[in-house]
Amino acid sequence: MANVEKLDNISSDNAGVSESSSPSKATRAVTRFFVRHSIGMLFWVVVGGAITSMLLTTQSEQNDNNLLPTTKIQTNKGSGWYLGGNDPEHVLTTLPAIQSLDELPESWDWRDYNGTGLSLTTSVLNQMVPRACGSCWACATVSALSDRIRIAKFKKTGHLDAEVVLSPQVLLDCGMRSFGSCRGGDPRYAHEWIYENGICHTCTMNGDCFVIGNPKKYFISEYGTLNFTTPEEFQLEAMNEIYHRGPIVVSLYSLTPEFKQYKGGYILRDSGEYPGTTLVVSIVGWGADNKTGVKFWAVRNSVGTHWGDRGYFFIERGTNTFNIENKGAWAVPIV
1 MANVEKLDNI SSDNAGVSES SSPSKATRAV TRFFVRHSIG MLFWVVVGGA
51 ITSMLLTTQS EQNDNNLLPT TKIQTNKGSG WYLGGNDPEH VLTTLPAIQS
101 LDELPESWDW RDYNGTGLSL TTSVLNQMVP RACGSCWACA TVSALSDRIR
151 IAKFKKTGHL DAEVVLSPQV LLDCGMRSFG SCRGGDPRYA HEWIYENGIC
201 HTCTMNGDCF VIGNPKKYFI SEYGTLNFTT PEEFQLEAMN EIYHRGPIVV
251 SLYSLTPEFK QYKGGYILRD SGEYPGTTLV VSIVGWGADN KTGVKFWAVR
301 NSVGTHWGDR GYFFIERGTN TFNIENKGAW AVPIV
């Protein structure tokens, strides 16, 4: 049974959102590229924001719906990702250990750094431009990593640099036979690929593909997944990671009317059980409603700023609503 909780302490205008999140710049997200799954790939599909957007064609919805998982996920382990197997990780550092949520701020949002009004997030991407593509996994991966580049540079220099928006198209082109395509993908293996090969920034604003010789590459020093067994442990792990290093990548079940029709200004709440996840997104912060006390995650989608709260949504925290607390992945950029 789904319901919603109106947000009392966050307006739908979201003044903290970066000005770079305007629809004109969101068009950089996806260039012309449609591919098919590799036949031998092990997966249960992440179809992505292609389902959630009202811009999809009927044929696109039919294609994606044919790929929905049919079995329910019983445990946190192994749920929410495109490929099976052990989590690929390369972990070098350990964050400060915390034992309780009380050790972290009651609210935190990288769109409003430490309550200063300064946004350290990057543009909301749009996987529907120039055409619908189930590349939520690529958009969420590069968005979170782009944020972390900006955050790390700010912490290092004290100055707000121009945003660097990494290219989701690179992941689509290079991952089509191994970890993803326009029919879904896996952020964990995208992180592994970036670690090994590096990734360039988005170089075109109008959807046209062209080759750039010797582009600047960005690398990551380490990458991993959240390690948890209970809902409270997920919160501890996720909030600790977000607070110290920046947004993380998660997945959720998006094929509900409540999610598709989300207009912003309220918290999504739902006690139903759903079969796995269908959309990859990035969590940029958390908080609690001033009147009701309902805890929430602040999350970025990748279907442009026309959707939700300028491309973001709020969803209840600590209840695994829409399976959003099933998995989490992160990477540390080299700056």
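Going left to right, the sequence shown walks through residues 1 to 335 as my numbering numbers them. We put the beta carbon where it would ideally sit given N, CA and C, even for glycine.
Under the three-state reduction of DSSP output, Leu166 falls in the strand class. Of the candidates Gln169, Thr141, Gly184, Gly184 places its Cα closest to the Cα of Thr277. Taking a C-beta distance under 8 Å as the contact criterion, Thr122 and Pro187 do not qualify as a contact pair. Ala138 counts as buried, since at least 16 other C-beta atoms from the protein chains shown sit within 10 angstroms of its C-beta. Cys200 is a Cβ neighbour of Ser167, given a cutoff of 8 Å. Judged by DSSP in its simplified three-state form, Gly287 adopts strand. In this structure, Ile267 and Phe314 form a Cβ contact; the two beta carbons are roughly 5 Å apart against a cut-off of 8 Å. The alpha carbon of Lys156 has as its nearest neighbour, out of Arg245, Gly134, Asp87, Gly180, the alpha carbon of Arg245. One thing to note: Ala298 has its Cβ no nearer than 8 Å to the Cβ of Trp307.
At least 8 Å separates the beta-carbon of Glu222 from that of Leu104. Residue environment for Asn197: exposed (fewer than 16 other C-beta atoms within 10 angstroms of its C-beta). Ile199 has Tyr218 as its beta-bridge partners, per DSSP.
Taking 8 Å as the cut-off, the beta carbon of Val303 is found no closer than this to the beta carbon of Val280.
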